[in-house]
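Chemist:
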Amino acid sequence: MRSLNNADAILASRKGLLEDQPSDSRYETEAEGGCGVTGFACSIPVRGRHIFEPSSQMHNRGNGRGGGIAAMGFDHRMLGISREALNEDYILQIAVLEEGVIDALEEQFIKPFLRVDLRERLPHVDDYRDIKGLETAPPEVFRYLVRVRPEALNAFVEKKGLHGLKSREAEDEFIYQNSFLINKKYYEPYGKKLAFVLSHGRNFFILKIVGYAEQVVQYYKLDDFKAHIWIAHQRYPTKGRVWHPAGAHPFIGLNEALVHNGDFANYHSVTEYLRQKNIHPLFLTDTEVSVLLFDLYSRVYRYPLEYVIEALAPTMERDFDQLDSEKQSIYRAIQATHIHGSPDGPWFFIVARNDTGAGRLQLIGITDTSMLRPQVFALHDGQVQVGLICSEKQAIDATLKSLSEEDPRVGTVADRYWNARGGSHTDGGSFIFNLDETPGDPLERQLTCVDKFGRPISVPAGKVPYLPGTVYYLMPVEDGGRSEASRFFELQQPDELYDYILEGLKSWDYSGFMECLKDIRNWALKGEAHFDVALNTLTRLLDMRYPTYDKKRRSVLQMLNQTLENMLRNLPTLEDTEAQGSYRFIDWETRHLFRGPSYNEKALVIDASLFPPEGDNCDSRLLAEAYLRGWRRFIVLGLRGQRFHGCGLGADSGGVRIDIFGSSGDYLASGIDGLSIYVHGNAQDQLGQIMKAGKLVIYGDVGQTFMYGAKGGEVYVMGNAAGRPLINAVGKPRVVINGTCLDYLAESFMAGDPHNGGGFVILNAMTFDDEGNAVPLANPYPGSNLFSLASGGAIYLRDPYRLVDDQQLNGGEIVPISEDDWRLVLPYLNENEMLFGISIDRDLLVVDGEKKSPLEVYRKVRPRKGLEKTDDGLDEWT
Amino acid sequence: MNRDGGFEFPLVKRTPSRFRNPIGKYRLNRSTACIACGKCVEICPYGVHSMVKGKVVVRNHYLCVGEDCPNPCHEACPVKALALRRNPDFAVMGDFRWPPDLIVSTWRMAEFGQAPDKGLEYRIGESGGGFDKLRIVFGPGKAEDDSGDKHEGAKADLGVKLNRRGDNAHRIRIEVPFYGGGMSYGSVSINTMLSRVKAATALGTFCCTGEGGYPDELKPYDEHVITQVATGLFGVREETIQRVKIVEFKYAQGAKPGLGGHLLGDKVTPGVARMREAVVGYPLFSPFPFHSVYSVEDHKKHVDWIKAINPKALVSVKVSTPTDVDMVAVGSYYAGAHIIHLDGSYGGTGAAPDIAKKNIAMPIEYAVPKVHRFLTEEGVRDKITVVASGGIRTPHDVAKIIALGADAVCIGTADLVALECIRCHNCESGRGCARGIATTDPELMDLVSLDWGAQRIVNMYSAWCKELRRILGRLGMKSIRELVGKRECLIHLDYN
């Protein structure tokens, strides 16, 4: 019981701090909307400029009223201190908003108690106005590396009765309380704002300004400053033309920095809960209370991380029932104790934590139980390991691209991308990237990833990444070249070229593969027919799953992408009216040449990279305009945060085809009525909203609220859909999802009678193994609320073991499928097989190696009958 | 009076009730003592009595102004054959917010295009709060005769510009400081929708479709339609968004914040189900909130999306009035909205659940000044149009809410009252409305014809315009713009 008593002692020792703090009958936050959050952890320290790109891409998630970054895990030389000082000292950073207060502050709070090993004023750009768009002068920041003087610490322990604590624990608490006192004296959210503590933990610091997050990097000259972990936050507060930087994220506990996207409905009750523990927030945001909760659970109560996460995002309902009984009893106790402090509402946290006890740095992403905020995780393994957590996949790709430009050991594609399922028994809604010290180089850490329950997330072992710049020796082969790609071009055989490359991957090293790609690219330049063969083959290679043998799939994809982009960027622009071929290229630089197609011009290739993400000049608007001018075939590449592709073409856009390469954006295909869109890779959130007709094919996973309010269309998803797909869909959407969904699939589905022109969803619950084979998922549908409150349509579920049960439904019922049902879905599964190579006979209908009848493999979820109509003659419709 | 800055206001045409015996405030009982002398026919200024084949009958009870009559027939009758009584039907209509006086006076305006000058209270209700406790303070100047067209305000400009961002979207001006609020196809009949839209077209303003789809019948009026993108997304397609000049996001309704729209199964007839592409006979619930919008940056993305579909459209954001409504408003502005539409708690038809209607959301007369002040402090007040709605029943309510800081208002229930709604609060049940307004039943909905309905609404609004001009004239203002935010023009009966 020692630690519990200590916890009580710590909390009791804070009592004095709060005496003059008002105990409001109603605690309010400053109204604040959501934001964009991004973070990554890297096995080696990397420069601050890499947080720049993802932050600026998420501009639209902030409004320039608050941006902040945290950096964790440094090279001691960059700070000009010894390694011991870096590990042992607290980095106290104080932002000064009013000239001249720092001396008094130092006299009162620093000099008497703290041993200062380093004091510096942070260098910054001379004039903040030199930074484009920065309107408010950022604060002057003073950095101190400090320890608490032994005599001051003894006095503190004595006075506060903290004898039970280890010296370091007491010192932590001293630093925490000292900062609270500084903030209390120098920062009143509604009054004078003189100075405040930015951060005070070990081996990390925080900077925040009134502006965008990337401007922090610019202003404080962090472009070249290196750290293992970076997190950033774009804030979108809705109040105030002049805002105070202390309201920006990240916020601190002690050794952790937290950024947050979303907002709580129960700020008042969380604040009251904290008040009972003698903790009082000072900065009027729900993010602050989140990190105070985190610090309370982890440092004061010393919960292991799993329990901290449980206290924040409790496991509920069916997921709770799925836990083993031991976990249930622990979790029940945690929930009973802390449910009042559990943040309610949409939120997503990214936490950078220095677990000083274990000598480990952590990057943690936690999503709320209802998964109301978007979140994507990614893991990149190799000589340099990177773990990434972002609001959007586009930001992840931007980070990787930025990193790979500096260090070629980082690829532009991650090994794995995935979403968390909030408060679940499957992954706990949280993933943790751990950075542990390695015996050799002190600056090289080992990155591992685990879920809330400590289960590791790993990448296929035994694969070598591609390293650009490495010399791959070409073995001289007879006839000179090693690649035989040429003959497939001569004979116009894209399919055989594809097979040849798959076969070739077995024996080639990267140089062989590269050689082949080079051949393909060269052939592509030789004329339209060859270009088509090359485009077809490369697209298929990007889309499909196949064994890559000793090579990493991400490296193969990276090289394919490069070749493809290179090929497309070499196409003639619209200026060139004499050019051969039917493809024309347009980008931001050449957009003034924009015109309708001449008679032999068929396809417009749009390089989106420099277009703004939305508004009058964005590339999706250009695409819609091009459609009106007569273009019908589009290829979009180079996406960096651009969205809305396929929107605005209006009714009856049949015959149009758009291919999207790279990181596609939100709201893609929302509203389309007739056209086809092929997304070659994972897709983001809010796709296919109110979609009316047309075809949407996604060679990957798709994000939140997919096809919300859709009316129709034919949609094929190769992987998973995240939370809440097909909510409120009506009419006749016909959707094949080959993976599964996190939760709330087809809530309030109203798509009539599937056998009579209505809509349905086929959920195949398959995934791909490392060799590219389609294999069934262990759990066809892990969530609850399947087809809840639906009144029409159906879900056809591949569930040969009958694992989905009635508890997961709400208003629906599970019935066996009929021959009619199978006839209905078969054409869609055939198309699915064509698109993704998931075979009906060899994959879908095979159970335990044995082919079964579809009636045994599939099940149907349909709405339970509504109110039975009576026969008294009053019902007029039947 | 019909020429106003180039815009031709529609003519008022008398449009009597659809029913043989319209409900009025008074009844005149004629006893057998009547000698058919014709005295009452002669002296009645309102045409209540008429002489038919040598007999005198009370033809138009509903026009009688009772005690307010300058020539009371029942006193003049030589044989005392006439007795003036309150009409018992009158007293049971409506509620405190819409007392029978307001209902009947609205009917009167819809029939004659003129506010009733006697016998009915047409300016305020009896709720004992809200607009009913606010009074417009006219200066000490004498109330000159302002009933005709000669008074100072007769030429006052009632028009309101809706796009103040100065961006590429349409530059829209509405000729009257109000437009029609969203009522979906399904909650009201197609004839009701068309009547409202047709009237809006005639008045140079707009009318919103609500969230039940965009029936093709509305196509001729596309220029005057606001289409709603609400949480259920029923009937929302690219095509419908591209068809209109204003797109309204409905985040919440003042009558039921925290709840989405709902249409009970009985009203989901085959026609409604077809329009919404849903299943006949099943209730339709719109979720709350938007599943794709859980915070303000999602909202911005949402607005950007609509602008990607229809770059010229004005974006209106309809929200209820939570305590932080000012933040919501400024957030909407920064997300790119042209119009912030605040829907207060007094509104809603019968279909909103009472528990919601009567207990949540801030009254609109608190929300509007709060938002107005906040936007002014932010320096963006002149960049966004503030539209208020929720329980605005009379031209005086319009003037009051504008004086509190709104630019224009949005009207729903008054339109229905013009179509002879009796406020029985049974909009949601069965096939809906006994008066053929809020119904989807094919027979019931034929009770309202398009021309009749449109003219009734035009008449009512013409009366409103006259009243507003009188108010402006009395306040010495030339334009409704001058009234915006002039709180000194108001007093509260309890707090001043």
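Chains as they are written, first to last, in the working numbering: chain G, 1 to 878; chain Z, 1 to 496.
From the three backbone atoms N, C-alpha and C, an ideal C-beta is built for every residue, glycine too.
Nothing here was measured: the structure is a model prediction, and the numbers come from that model.
With DSSP collapsed to three states, give me the class of ILE209/G.
Modeler: Here ILE209/G sits in strand by DSSP.
Chemist: Considering only the beta carbon of each residue, do LEU687/G and ILE672/G sit closer than 8 Å?
Modeler: Contact: no.
Chemist: Is there a Cβ of chain G sitting closer than 8 Å to that of TYR294/Z, yes or no?
Modeler: For TYR294/Z, the answer is yes, since a Cβ of chain G falls inside 8 Å of its Cβ.
Chemist: Hey, ASN738/G and ASN764/G: beta-carbon distance below 8 Å or not?
Modeler: Cβ atoms of ASN738/G and ASN764/G: closer than 8 Å.
Chemist: Interface residues of chain Z around ARG373/G at Cβ under 7 Å?
Modeler: The answer, in chain order, is TYR294.
Chemist: Would you kindly work out how many angstroms separate the C-alpha atoms of ARG18/Z and VAL409/Z, rounded to a whole number?
Modeler: C-alpha separation (whole angstroms): 28 Å.
Chemist: Report all residues from its chain with a CB closer than 6 Å to the CB of SER609/G; omit the five preceding and five following residues, and keep chain order.
Modeler: Cβ neighbours of SER609/G beyond the five flanking positions: GLY638 and ARG640.
Chemist: Measure from the C-beta of ILE309/Z to each C-beta in chain G and report whether the shortest distance is under 8 Å.
Modeler: True, the Cβ-Cβ gap to chain G drops below 8 Å.
Chemist: Quick one: any contact between the segment 238-253 of chain Z and the segment 264-273 of chain Z, if contact means 3 or more CB pairs under 8 Å?
Modeler: No contact exists between the segment 238-253 of chain Z and the segment 264-273 of chain Z.
Chemist: Anything in the segment 642-668 of chain G with a Cβ closer than 8 Å to a Cβ of chain Z? List those residues in chain order, please.
Modeler: So the list reads ARG643, PHE644, CYS647, GLY648, LEU649, GLY650, ALA651, ASP666 and TYR667, given in the order they occur along the chain.
Chemist: Let me confirm a value: TYR599/G is counted as buried when at least 16 other C-beta atoms fall within 10 Å, else exposed. Which label applies?
Modeler: Looking at its Cβ environment, which holds fewer than 16 other Cβ atoms inside 10 Å, TYR599/G is exposed.
Chemist: Got a sec, what are the start and stop residues for the beta strand (DSSP E) HIS492/Z sits in?
Modeler: Per DSSP, HIS492/Z belongs to the beta strand (DSSP E) from 490-492.
Chemist: So what's ARG640/G in DSSP terms, helix, strand or just coil?
Modeler: Looking at ARG640/G - three-state DSSP - the assignment turns out to be coil, as it is neither helix nor strand.
Chemist: To which residues of the same chain is PHE531/G closer than 6 Å at the C-beta, ignoring the five residues directly before and after it?
Modeler: ALA524.
Chemist: So with Cβ pairs under 8 Å, would you call ARG18/Z a contact of chain G?
Modeler: Taking Cβ atoms only, chain G never reaches closer than 8 Å to ARG18/Z, which makes this a no.
Chemist: I'd like the ranges of any alpha helix (DSSP H) spanning at least 4 consecutive residues and lying wholly in the segment 322-367 of chain Z.
Modeler: Complete alpha helix (DSSP H) runs here, min 4: 325-334 and 354-357.
Chemist: Going along chain G, which residues have a C-beta under 8 Å from GLN228/Z?
Modeler: The contacting residues do not exist; GLN228/Z stays about 13 Å from chain G at best.
Chemist: How should VAL242/G be labelled, buried or exposed, when 16 other C-beta atoms within 10 angstroms of its C-beta is the threshold for buried?
Modeler: Residue confidence for VAL242/G is low, a pLDDT of 43 falling below 50, so the modelled location carries little weight; the figure read from the coordinates is stated next. The residue in question, VAL242/G, is exposed, as its Cβ has fewer than 16 Cβ neighbours within 10 Å.
Chemist: In chain order, what residues of the same chain lie with their CB nearer than 6 Å to the CB of GLY240/G, ignoring the 5 residues before and after it?
Modeler: Residue confidence for GLY240/G is low, a pLDDT of 44 falling below 50, so the modelled location carries little weight; the figure read from the coordinates is stated next. Closer than 6 Å at Cβ, skipping near neighbours: no residue.
Chemist: Classify TRP230/G as helix, strand or coil using the three-state DSSP reduction.
Modeler: The answer is strand: DSSP assigns TRP230/G an E or B state.
Chemist: Counting only C-beta atoms, is LYS551/G closer than 8 Å to chain Z at any point?
Modeler: Output row for LYS551/G: interface = no.
Chemist: PHE320/G bridges to which residues according to DSSP?
Modeler: Beta-bridge pairing links PHE320/G to no other residue.
Chemist: Whose Cβ in chain Z lies nearer than 7 Å to the Cβ of SER670/G?
Modeler: TRP305, listed in chain order.
Chemist: So, does the segment 589-605 of chain G touch the segment 555-562 of chain G, judging by three or more C-beta pairs under 8 Å?
Modeler: Contact fails: fewer than three Cβ-Cβ distances are below 8 Å.
Chemist: With distance defined between alpha-carbon atoms, name the residue in ASP666/G, LEU379/G and GLY793/G nearest to ASP753/G.
Modeler: Comparing Cα positions, the closest option is GLY793/G.
Chemist: So, under 8 Å CB-CB, PHE142/G and VAL96/G are touching, yes? Tell me the CB distance rounded to an integer number of Å.
Modeler: So it is a contact: roughly 7 Å between Cβ atoms.
Chemist: Quick one: is TYR895/G buried, meaning 16 or more other Cβ sit within 10 Å of its Cβ, or exposed?
Modeler: Since the first residue shown for chain G is 1 and the last is 878, residue 895/G is missing from the structure and cannot be characterised.
Chemist: Classify LEU403/G as helix, strand or coil using the three-state DSSP reduction.
Modeler: The answer is helix: DSSP assigns LEU403/G an H, G or I state.
Chemist: Verify the CB distance criterion: does GLU217/Z have a CB-CB separation below 8 Å to chain G?
Modeler: Chain G, which has no Cβ nearer than 8 Å to the Cβ of GLU217/Z, makes this no.
Chemist: So with Cβ pairs under 8 Å, would you call LYS239/G a contact of chain Z?
Modeler: Because the pLDDT of LYS239/G is 48, which lies under 50, any placement of that residue in the model is unreliable, and the question is left without a value.
Chemist: Can you check whether the CB of ARG421/G is closer than 8 Å to the CB of LEU742/G?
Modeler: Their beta carbons are under 8 Å apart, which means LEU742/G touches ARG421/G by this criterion.
Chemist: Among LEU468/Z, TYR495/Z and GLY476/Z, which has the Cα closest to the Cα of ALA500/Z?
Modeler: Any property of residue 500/Z remains undetermined from this structure, which presents chain Z solely from 1 to 496.
Chemist: Are the segment 179-195 of chain G and the segment 305-325 of chain G touching by the rule of at least three beta carbon pairs closer than 8 Å?
Modeler: With the cut-off at 8 Å, the segment 179-195 of chain G and the segment 305-325 of chain G do not touch.
Chemist: Candidates ARG595/G, THR426/G and ILE69/G: which alpha carbon is nearest GLU784/G's?
Modeler: Residue 784/G is actually Ser in this sequence, not Glu. When only C-alpha atoms are compared, the closest one is THR426/G.
Chemist: Just verifying my parser: in three-state terms, what is the DSSP assignment at HIS249/G?
Modeler: It is coil, neither helix nor strand.
Chemist: If we define contact as Cβ-Cβ less than 8 Å, is PRO287/Z a contact residue for chain G?
Modeler: So, interface residue.
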